[in-house]
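Structure first, commentary second.
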């Protein structure tokens, strides 16, 4: 007879995001939503379900397919005191609306000598693995993290998604909220059980700029972002069977970047693998490794990155699966590190 | 005395099969009548499965299992 467990309320990331937005909308009438299919449909990734029914079309606005128009409108509304939450359905579509994002949203406060705040949240889906082609499958974490003036968060589970969304909406600065499609719990994008976790009903914040130690260990630090955290956890379970103790760090925030937590972990383990589904070169993986190197943390082996090859993402399932980061690739990277220690 | 958690015949319109996309409580956890316990997907649309009774949930069908209307996916005792 199994022991009866305590009462649980697990949520998918999609539901956690919708719940956080609804709670902020109830508290603050300045919060409103815009995007494509975020109204009656509830978002193609399920993260605005229930909001149209509760708040109506005045505060939950379905927009035409013009990211240029509605993201520009959101920047204007935010600069004028509103708190828009807008959805760029696929991060890959940034090309048509980037001027509003990086020249206005990110810089208005600085251009106005601090007299104007831009308290908006831009939520956008990332990641691939389900054959949606090179224009619907990218992560582009570093593209946003590289440009100053905006905060960037990327949760790996429902608890963090709810707390980060609350913190993002309340923050006076623009925040990019990047959610991985395969972690949404939407079925047709695959299911990651570890992303569906117990979530408190009450409001809470996960602070922007604070990483989490998801699993403690002493032999190697795996730093992950969204799907990379889950690949890291799977690799950790397999490596444990070989007697290797793995620490997994979930960055959660890309900007501000919690270098301190990463440094402390690598000081303890002396080995570092960074896992990111964004492209290999010029990315967050390089930033993390550079930060640890600059700080002079002694390492037992050269640090490794497990990231997406520098190629446009293939549509063909076999080719796409070949290119994606995985637990196996992390285990290979660890073996390579051990090889250099001989 | 246990209650079967059946997929309601009126949860979606056609007779297509569904796939379980999430269990929102763990096997062996306590649930209250009316709690959302699982999500099912039919042709990219998600449907909510709610607990028909209060008690301890025993899961019979796992995430990614294909199920049909009327199937028993769990019991509550």
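Protein chains in written order, with our numbering: chain A, -19 to 322; chain B, 258 to 334.
Heads up, the beta-carbon is just placed ideally off N, CA and C, and yes, glycines get one too.
Here the structure is a predicted model, which means the values were calculated and not measured.
For residue 317 of chain A, the uninterrupted alpha helix (DSSP H) run begins and ends at 307 to 320, by DSSP. Among the residues of the stretch 302 to 328 of chain B, those with a Cβ less than 7 Å away from any Cβ of chain A are 303, 313, 320, 321, in the order of the chain.
Interface residue (Cβ-Cβ distance to chain B less than 7 Å): residue 33 of chain A is not classified as such. Shown in chain order are the members of the stretch 174 to 198 of chain A whose Cβ falls below 8 Å from a Cβ of chain B: 176.
Counted as a single uninterrupted DSSP element, the alpha helix (DSSP H) harbouring residue 297 of chain A occupies residues 297 to 303. Fewer than three pairs of CB atoms, one per stretch, sit closer than 8 Å, so the stretch 111 to 128 of chain A makes no contact with the stretch 178 to 186 of chain A. Identification of residues in the stretch 31 to 59 of chain A having a C-beta nearer than 8 Å to some C-beta of chain B yields an empty set.
Three or more Cβ pairs closer than 8 Å define a contact, and the stretch 141 to 149 of chain A meets that threshold against the stretch -4 to 16 of chain A. Using a Cβ-Cβ cut-off of 7 Å, residue 19 of chain A does not count as an interface residue toward chain B, since no Cβ of chain B sits closer than that to its own. What residue 260 of chain B touches in chain A, judged by beta-carbon distance under 7 Å, is nothing: the nearest beta carbon there is about 16 Å away.
Using a Cβ distance threshold of 7 Å, residue 68 of chain A and residue 33 of chain A do not count as a contacting pair.
In this chain, residue 160 of chain A is not harboured by any alpha helix (DSSP H); it is covered by the beta strand (DSSP E) spanning 155 to 160.
Looking at B:311, B:318, B:313, B:306, the one whose alpha-carbon comes closest to that of residue 269 of chain B is B:306.
Counting C-beta pairs closer than 8 Å gives three or more between the stretch 122 to 142 of chain A and the stretch 188 to 205 of chain A, which meets the contact rule.
Think of a sphere of 9 Å around the beta carbon of residue 274 of chain B: no beta carbon from chain A falls inside it, the nearest being about 13 Å out.
Between residue 295 of chain B and chain A, the shortest Cβ-Cβ separation is not below 7 Å.
Here DSSP, grouped into helix, strand and coil, assigns residue 332 of chain B to strand. Residue nearest to residue 316 of chain B within the set B:290, B:265, B:294, B:331 is B:331 (criterion: CA-CA distance). By the C-beta density criterion, residue 305 of chain A is buried, having at least 16 other C-beta atoms within 10 angstroms.
In the structure shown, residue 49 of chain A adopts helical secondary structure according to DSSP, grouped into three states. Contact between the stretch 205 to 218 of chain A and the stretch 297 to 317 of chain A is present: 3 or more CB-CB pairs across the two stretches fall below 8 Å. The Cβ atoms of residue 222 of chain A and residue -7 of chain A lie no closer than 7 Å to each other. In the DSSP assignment, residue 90 of chain A falls within the alpha helix (DSSP H) that extends over 88 to 91. Within chain A, the residues placing a beta-carbon under 7 Å from that of residue 282 of chain B are -12, -10, ordered along the chain. Proximity of residue 278 of chain B to chain A, defined by a Cβ-Cβ separation below 7 Å, is satisfied. Taken in chain order, the whole beta strand (DSSP E) runs of length 3 or more contained in the stretch 49 to 74 of chain A are 63 to 70. When C-alpha distances from residue 320 of chain A are compared across A:254, A:289, A:134, A:284, the shortest belongs to A:284. Per the coordinates, the alpha-carbon of residue 303 of chain B lies some 8 Å from the alpha-carbon of residue 167 of chain A. Against chain B, the beta carbon of residue 171 of chain A has neighbours under 7 Å at 278, 279, 320, 321, listed in chain order.
According to the DSSP assignment, residue 140 of chain A belongs to the alpha helix (DSSP H) that extends over 138 to 150. The beta carbon of residue 108 of chain A sits no closer than 7 Å to any beta carbon of chain B.
With respect to residue 231 of chain A, residue 205 of chain A sits close: the two C-beta atoms are nearer than 7 Å. With respect to the 7 Å criterion, residue 311 of chain B and residue 283 of chain B are not classified as neighbours on the basis of their beta carbons. Beta-bridge partners of residue 312 of chain B (DSSP): B:288. By the rule that beta-carbons nearer than 7 Å mark a contact, residue 165 of chain A touches chain B.
By alpha-carbon distance to residue 296 of chain A, the top candidate from A:101, A:111, A:22, A:58 is A:111.
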